[in-house]
Amino acid sequence: MAAEVHVLKLPKERWIAAAAARAEAIQPDIEGAIAVERDRVLTLVSIAEQAVAIGVEVNLAAVISDGATPNELREFVMGIAASERDQENG
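Each residue of the sequence shown is one higher than the one before, starting from -19 at the first, in our numbering.
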């Protein structure tokens, strides 16, 4: 069953008011999403700093833009560190 779409012909002021009401209604969601992303990025930065301290280079810009999670970066860093350690000991 196809839904019918009805377009309301409202004055410009009403469209502006409706858009403002929608923006206000979703503002908490936007702020929440920003807070989650900020936390993800700060955690990734911290992990990247720790990686450098143990000799693992991380392309932080790529990690952030690819949407990697902190756990994915931790696993990557630990995998590289373990591989390098095995090569030194093997």
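Every residue, glycine too, gets a C-beta built ideally from N, C-alpha and C.
Since the structure is predicted, the reported quantities are computational estimates derived from the model, not experimental observations.
| Asked | Found |
| --- | --- |
| Which value, in whole angstroms, describes the spacing of the CA atoms of glutamate 37 and glutamate 4? | 42 Å |
| How far does the alpha helix (DSSP H) with lysine -8 in it reach, from first residue to last? | -8 to 33 |
| I need the straight-line Cα distance from aspartate 19 to isoleucine 27, nearest angstrom please. | 12 Å |
| Helix, strand or coil: how does DSSP classify valine 71 here? | Within the shown structure, residues of the chain are numbered from -19 to 70, placing residue 71 beyond reach of any answer. |
| Return the chain-ordered list of same chain residues with a C-beta closer than 6 Å to the C-beta of valine 57, the five sequence neighbours on each side being excluded. | Ala31, Val36 |
| How long is the line joining the alpha carbons of isoleucine 14 and alanine -1, rounded to whole angstroms? | 21 Å |
| What did DSSP end up calling asparagine 69 once you bin it into helix, strand or coil? | helix |
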